[in-house]
Amino acid sequence: MRTGSGAHPPVEGARGRRTSRVPHGLRFVRHRSAILIALALLTVPPGSAPARVLSDGDLASVARIKPLFVDVLNDVSQSAQRADLSGADSDCLRSTLRALLQISEELKGYESLITIEGELVDFGDDATLKSVLRFAVENALKILDIERRRLGELSDQCARYPLSAAKTRQALQFIDSTQAILRAVQPRL
C-alpha cells in the first residue's frame, strides 16, 4: 500500500475484501475519455467538413447517438419524478438516471474535441485521423461493454418493478444501438 499524500486507504468491499476506489476511478476516467473522444470525433455533421475517413452515411449514423441519448435521459428522468412510485421502483429509476447523467456530464466536458476534429481534418493527414478514430472507437466499445454489464446487473435487480425494469432496458437499448453504430464504423478505420 502506498503512503503519503497520494495514498488512498483501502475500503471494505464485497465479501469482506479490501479494495480501493481509486483504480476504478482512474480506469473509468481513461475509459470515459475514450468514449467521449470517439463520440466527439465522429459527430461532425454531414457537410461541415469533407468526410475523408468516414462516409456521410457513417457521420449520419453517428449523429443519431446524441438524440437517442437525450430521448432516453428525458424519459427516465420523467419517470423518476412520478409520485406514484414505490420506494424500490424509485431507487431503481434513480440508479438508472444517475448512470445516464454521469455519461451526460462527461460528454459536456469534451465538446471542445469536436473543434479539434475539425482541425485534424484540415491537417491533411488521413492516417493520423484514422488512427485516432480507431483508438477512440475501440476504447469506446470496451467501455460500452463494461457499462452494458453494469446496467444489465441493475436490470436484474430491478426486474420485479415493471416501470424501472422497462426504463433500464431502454438504457440498455441505447447502449446496444451506440455499440452497433460504432461497430459499423470500425471496419473503415
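The number in my numbering is simply the position in the sequence shown, starting from 1, with 4 added.
Note that the Cβ used here is the ideal one computed from N, Cα and C, for glycine as well.
Might you give, ordered along the chain, the residues of its own chain that have their beta carbon closer than 8 Å to the beta carbon of Q2, omitting 5 neighbours on each side?
Outside the shown range of the chain, which is 5 to 193, sits residue 2, and nothing can be said about it.
Which residue's Cα is closest to the Cα of F178: L89, A92 and A103?
Residue A103 is the option with its Cα nearest to F178.
So what does DSSP say about D88, is it helix, strand or coil?
Three-state result, D88: coil.
So what's R21 in DSSP terms, helix, strand or just coil?
A caution first: R21 carries a pLDDT of 47, below 50, which makes its placement in the model unreliable, though a value can still be read off. The answer is coil: DSSP assigns R21 none of H, G, I, E or B.
Can you give me the Cβ contacts of R98 inside the same chain, cut-off strictly under 7 Å, excluding the 5 residues immediately before and after it?
Once the five neighbours on either side are set aside, the close Cβ partners of R98 are A84.
Sorted by chain position, which residues of the same chain lie with C-beta nearer than 7 Å to S116's C-beta, five sequence neighbours on each side aside?
Bear in mind that a pLDDT of 36 at S116, under 50, signals an unreliable position, so the number given afterwards is only what the model happens to contain. Nothing meets the Cβ criterion.
So, helix, strand or coil for A103, using DSSP?
In this structure, A103 counts as helix in the three-state DSSP scheme.
Excluding sequence positions up to five away, which residues of its chain have a Cβ less than 6 Å from the Cβ of R164?
If we look at R164 and ignore the five residues flanking it on each side, it has no Cβ neighbours.
Three or more C-beta pairs closer than 8 Å, one from the segment 66-74 and one from the segment 154-163: is that the case here?
In short, these stretches do not touch, since the Cβ pair count stays below three.
How long is the line joining the alpha carbons of A169 and A188, rounded to whole angstroms?
Rounded to the nearest angstrom, the two C-alpha atoms are 28 Å apart.
According to the neighbour-count rule (16 or more other Cβ atoms, all chains shown, within 10 Å of its Cβ), is D93 buried or exposed?
Per the 10 Å Cβ criterion, buried.
Whole angstroms is fine: what's the gap from R192's alpha carbon to R138's?
So the alpha carbons of these two residues sit roughly 9 Å apart.
For the alpha helix (DSSP H) containing P191, name the first residue and the last one.
Segment: none, P191 is in no alpha helix (DSSP H) and carries neither H nor E.
Tell me where the alpha helix (DSSP H) around A163 begins and ends.
Per DSSP, A163 belongs to no alpha helix (DSSP H) and is neither H nor E.
Using a Cβ-Cβ cutoff of less than 7 Å, which residues in the same chain neighbour F73 once the five nearest sequence positions on both sides are dropped?
Excluding positions up to five away in sequence, the list reads F178.
Kindly list the residues whose CB is nearer than 8 Å to the CB of V57, restricted to its own chain and excluding five residues on each side of it in sequence; keep chain order.
These residues qualify, in order along the chain: D130, L133, K134, L137, R192 and L193.
Might you give, ordered along the chain, the residues of its own chain that have their beta carbon closer than 6 Å to the beta carbon of T100, omitting 5 neighbours on each side?
So the list reads V80, K171, T172 and A175, once near-sequence residues are dropped.
Could you have a look at V57 and say whether DSSP puts it in helix, strand or coil?
Three-state result, V57: coil.
Assign R98 to one of three DSSP states: helix, strand, or coil.
In this structure, R98 counts as helix in the three-state DSSP scheme.
What separation, rounded to the nearest whole angstrom, lies between the Cα atoms of V141 and E157?
Their Cα atoms are separated by approximately 24 Å.
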